[in-house]
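Residues 3 to 96 in the working numbering are what the sequence shown lists, from first letter to last. Worksheet for the structure shown next.
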Amino acid sequence: MSFYDLYASRKDFDYDGFFRRVAAEDVLAVLARERLGENDFLMLLSPAAAPFLEAMARKAHRLTVQNFGRVIFLFTPLYLSDYCENQCAYCGFN
3 MSFYDLYASR KDFDYDGFFR RVAAEDVLAV LARERLGEND FLMLLSPAAA
53 PFLEAMARKA HRLTVQNFGR VIFLFTPLYL SDYCENQCAY CGFN
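Here you go:
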């Protein structure tokens, strides 16, 4: 499924109505799950999830360490000439 397909499927979605229906118990149930669906992520964005920001941060940290470990990834481009074909707007080689 492309991004546009996902966007088109949610274009007429009633976000305000969905957020009004989310309760604190729903947010706690989502935080207890290991795999989240689209509506689960929306519940974590709802106003009912505001009191659970610390719990969300702890879970995000746990999953990050579980998936990537305690490492730092650095990206250093190696330029062998002053020519680049990427045409990045921010780069001096453009």
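Cβ atoms here follow ideal geometry from the backbone N, Cα and C, with glycine treated the same way.
- F15 and M3 have their C-alpha atoms spaced approximately 18 angstroms apart.
- Ranked by Cα distance from P49, the options F20, Y92, G39, I74 are led by F20.
- In the structure shown, R60 adopts helical secondary structure according to DSSP, grouped into three states.
- Taking C-beta atoms as the reference points, D18 and V32 fail to come closer than 7 angstroms.
- If you draw a 10 Å sphere on the C-beta of A51, you find 16 or more other C-beta atoms in it, and that means buried.
- M45 places its beta carbon 7 angstroms or farther from that of V73.
- Restricting attention to A91, E87, R37, the CA atom closest to the CA of L65 is found in R37.
- Each residue's CA atom was taken as its position, placing L80 and F54 some 43 angstroms apart.
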